[in-house]
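**Q** Supplied in structure tokens, the structure appears directly below.
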Amino acid sequence: MKATTDKTVVTPMASASAGPDNGQPERMEKTLKAHWVWAIALGSAVGWGAFILPTDWLAMGGPLGAVSGFLIGGALMVLIAVSYGFLIKSFPVSGGELAFALVGFGRTHAFFCGWFLTLGYTCIVALNASALALLFRKLMPDVVQQGYLYTVAGFDVYIVEVLISMTALAVFAYLNIRGTALSGRIQFIACVIMLVAVACILVAVIASPQVLFSNALPAFPEGVNPVAAIAAIVAIAPWAFIGFDNVPQAAEEFDFPPAKAMKLIVLALLAAALLYAAMIAAVAMAAPWEALVAGDSAWGTADALTGVLGGSGLLLLTIGITMGVSTGLNGFYVSASRILLGMGRAQMVPKMFARLHPKYKTPYVGVIFVGSVCLISPWFGRAALTWVVDMSAVGVTVAYLYTCLCAFKIFRPTNSIERPGDLEGTRSTSKKVLSALGAVTALVFMGLLLVPGSPGVLGKESMTALVVWTLLGVVFFLMRRRHNKTLTDEQVDILVLGAPRPEGTKLKSGTPAVTPGA
Numbered sequence: 002m003k004a005t006t007d008k009t010v011v012t013p014m015a016s017a018s019a020g021p022d023n024g025q026p027e028r029m030e031k032t033l034k035a036h037w038v039w040a041i042a043l044g045s046a047v048g049w050g051a052f053i054l055p056t057d058w059l060a061m062g063g064p065l066g067a068v069s070g071f072l073i074g075g076a077l078m079v080l081i082a083v084s085y086g087f088l089i090k091s092f093p094v095s096g097g098e099l100a101f102a103l104v105g106f107g108r109t110h111a112f113f114c115g116w117f118l119t120l121g122y123t124c125i126v127a128l129n130a131s132a133l134a135l136l137f138r139k140l141m142p143d144v145v146q147q148g149y150l151y152t153v154a155g156f157d158v159y160i161v162e163v164l165i166s167m168t169a170l171a172v173f174a175y176l177n178i179r180g181t182a183l184s185g186r187i188q189f190i191a192c193v194i195m196l197v198a199v200a201c202i203l204v205a206v207i208a209s210p211q212v213l214f215s216n217a218l219p220a221f222p223e224g225v226n227p228v229a230a231i232a233a234i235v236a237i238a239p240w241a242f243i244g245f246d247n248v249p250q251a252a253e254e255f256d257f258p259p260a261k262a263m264k265l266i267v268l269a270l271l272a273a274a275l276l277y278a279a280m281i282a283a284v285a286m287a288a289p290w291e292a293l294v295a296g297d298s299a300w301g302t303a304d305a306l307t308g309v310l311g312g313s314g315l316l317l318l319t320i321g322i323t324m325g326v327s328t329g330l331n332g333f334y335v336s337a338s339r340i341l342l343g344m345g346r347a348q349m350v351p352k353m354f355a356r357l358h359p360k361y362k363t364p365y366v367g368v369i370f371v372g373s374v375c376l377i378s379p380w381f382g383r384a385a386l387t388w389v390v391d392m393s394a395v396g397v398t399v400a401y402l403y404t405c406l407c408a409f410k411i412f413r414p415t416n417s418i419e420r421p422g423d424l425e426g427t428r429s430t431s432k433k434v435l436s437a438l439g440a441v442t443a444l445v446f447m448g449l450l451l452v453p454g455s456p457g458v459l460g461k462e463s464m465t466a467l468v469v470w471t472l473l474g475v476v477f478f479l480m481r482r483r484h485n486k487t488l489t490d491e492q493v494d495i496l497v498l499g500a501p502r503p504e505g506t507k508l509k510s511g512t513p514a515v516t517p518g519a
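In my numbering, the protein residues as written are 2 to 519.
Next comes the structure, spelled out in structure tokens:
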């Protein structure tokens, strides 16, 4: 592998054969096709919530408010996606935001970005596994609610439900160890099935003679200002789209030019926004929505659709949610294991996480670690798990912020003088402005999570979990400080990026953020 001072690329971008013999960790094989990557983004962004929560969203914003809120939320995420697209093209390596934080702010920042993302992605894997068990609990309660164990935070835990979640976790861990090509192909097929199921639901509802479009009136909840109704949905939309950021984690494995990543992310966000809007519209038209949300149904979405479509509606809904949960499980396994791979290469965590499977060339240590941690989660019940998952949204938002700020630092005005070592496309006033807007958007999302009184503020339990995880990160970082002193910042750059960073992205000497042992 050769280092480069070329202004256009960073060449990590290295071949899969790079390995310990040349001082580099082994790089992953380029097996991911473009439509598989699109499916990773879409399938991760759309989970069980699209099929379970439409009645909750209708209660908050009404039909027009909920649909508008998700479409606006998707548009805001595109602002953030601009920065992702540029940085993926420039630094297509495993670890994504970890590498971006390293480039922009140094390895201390990179560690904490990776620390929070690891928790966030791992928790979402666990939550998707519990959602699958919850689906079976709703469809076959007499079967699943067998072997009562105990109650945690008001949620009854049953041994059958625990076994369903653990089986799902084990199956998807196995698929991810077997190879990215296999998991990518399965991800694409599952996404297509999910989209077809949602399209069938919407068309069948519209075509049903029982459906009255007046069911979707009034457009907003009575007594609620339309702007406030839309804002309430926009406040939760960012977390509905979490998952498009899985794309940079797998950038090292693209078998196509990384410059296409931006287009794939935008197309995935568009598809996700339309899918959410389609499910909300179908439920709102299927039954008078005000009466639906005023009821005490455990699954109002299913009640509305089965009332119009009967058993076929429940079947389509079950297919959709099963595919949504499966794609979420698979996509976040990919992301969590790649973040750990990047941290292992940088030796921020034990080097064993940088190992690839001798046969399948996958980060199997990270996959096994994530799976093992998640196997514990079903025993604590879904209610307790949601506390940690809610808190992990902060970690993902931190990654959004680092990515946008890194891009903002690299971009320069269009009329600025070209400098040696500049990355291709660096001089762009419009992109610099968009990256700034993306950073502001990420800060707004962070405020919605942390500022008391905001629509999405974390609960007491989630805030406690956030503080505990942050303190654990500080303790772990200090424990690794002596080892950090054995590596220079330049060595860490090469381990993570595969080559020295371009001249145009070098940090100023003496920057505290890149001297963790100081």
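Think of the CB as a built atom: it goes at the ideal place given N, C-alpha and C, for glycine as much as any other residue.
#1: Compare the Cα-Cα distances from Ile165 to each of Leu128, Val199, Ile190 and report the closest residue.
#2: How far does the alpha helix (DSSP H) with Leu88 in it reach, from first residue to last?
#3: For Val158, list the residues DSSP reports as bridge partners.
#4: Sorted by chain position, which residues of the same chain lie with C-beta nearer than 8 Å to Asp22's C-beta, five sequence neighbours on each side aside?
#5: Quick check on Pro258: buried or exposed, where buried means 16 or more other Cβ atoms within 10 Å of its Cβ?
#6: May I have the straight-line CA-CA distance separating Thr427 from Arg413, to the nearest angstrom?
#7: Note the first and the last residue of the continuous alpha helix (DSSP H) segment covering Thr471.
#8: List the residues that DSSP assigns as beta-bridge partners of Phe242.
#9: Which stretch, first to last residue, makes up the alpha helix (DSSP H) that contains Arg108?
#10: So, under 8 Å CB-CB, Ala283 and Leu203 are touching, yes? Tell me the CB distance rounded to an integer number of Å.
#11: So within the region 280-344, which uninterrupted beta strand (DSSP E) runs reach at least 3 residues, ignoring any that extend past its ends?
#12: State the beta-bridge partners of Phe255 as determined by DSSP.
#13: Can the beta-carbon of Cys375 be found closer than 8 Å to that of Val126?
#14: Please classify Glu425 as buried or exposed, where buried requires at least 16 neighbouring CB atoms within 10 angstroms.
#15: I want to know whether the region 179-191 touches the region 368-382 - three or more CB-CB distances under 8 Å.
#16: Specify the secondary structure class of Arg346 as computed by DSSP and reduced to three states.
#17: Around the Cβ of Ala40, are there at least 16 other Cβ atoms within 10 angstroms (buried) or fewer (exposed)?
#18: Could you give the DSSP three-state label for Arg420: helix, strand or coil?
#19: Return the CA-CA distance between Ala76 and Asn485, expressed in angstroms with no decimal places.
#20: Quick one: any contact between the region 42-50 and the region 394-411, if contact means 3 or more CB pairs under 8 Å?
#21: From Thr489 to Leu496, what distance separates their C-alpha atoms?
#22: Taking DSSP's pairing of strands, which residues face Arg428 in a bridge?
#23: Among Arg138, Ala169, Asn177, which has the Cα closest to the Cα of Tyr159?
#24: Under a Cβ-count criterion, where at least 16 other Cβ atoms within 10 Å of its own Cβ denotes burial, should Gln211 be classed as buried or exposed?
#25: Identify whether Thr363 lies in helix, strand or coil by the three-state DSSP scheme.
#26: Please state the DSSP three-state secondary structure of Asn226.
#27: Report all residues from its chain with a CB closer than 6 Å to the CB of Ile73; omit the five preceding and five following residues, and keep chain order.
#28: Can you check which of these residues, Gly329, Val441, Val390, is closest to Phe173 by C-alpha distance?
#29: Mapping DSSP to helix, strand and coil, what is His484?
#30: Looking only at its chain, what residues have a beta carbon closer than 8 Å to the beta carbon of Thr319, apart from the 5 residues adjacent to it on each side?
#31: Hey, how far is the Cα of Val445 from the Cα of Gly148?
#32: If you check the beta carbons only, do Ala100 and Leu498 fall under 8 Å apart?
**A** Well, looking at it:
#1: Comparing Cα-Cα distances from Ile165 to each of Leu128, Val199, Ile190, the minimum goes to Leu128.
#2: 55-91
#3: Tyr151
#4: Residue placement at Asp22 is flagged as unreliable, the pLDDT there being 44, under the threshold of 50; the coordinate-derived value follows with that caveat. No residues qualify anywhere along the chain.
#5: It counts as exposed.
#6: 6 Å
#7: 461-480
#8: None, per the DSSP bridge assignment.
#9: 108-140
#10: Yes, they are in contact, since the Cβ atoms of Ala283 and Leu203 sit about 5 Å apart, within 8 Å.
#11: Within the region 280-344, no run of beta strand (DSSP E) reaches 3 residues while sitting entirely inside it.
#12: Leu33
#13: Judged by their CB atoms, Cys375 and Val126 are nearer to each other than the 8 Å cut-off.
#14: exposed
#15: no
#16: Helix, per DSSP.
#17: buried
#18: coil
#19: 40 Å
#20: As far as the Cβ criterion goes, the region 42-50 does not touch the region 394-411, which means the pair count is below three.
#21: Per the coordinates, the alpha-carbon of Thr489 lies some 11 Å from the alpha-carbon of Leu496.
#22: The beta-bridge partner set that DSSP reports for Arg428 consists of Arg413.
#23: Arg138
#24: exposed
#25: coil
#26: coil
#27: Val235
#28: In this structure, Gly329 is the residue among Gly329, Val441, Val390 with its C-alpha nearest to the C-alpha of Phe173.
#29: helix
#30: Leu136, Leu140
#31: 45 Å
#32: yes
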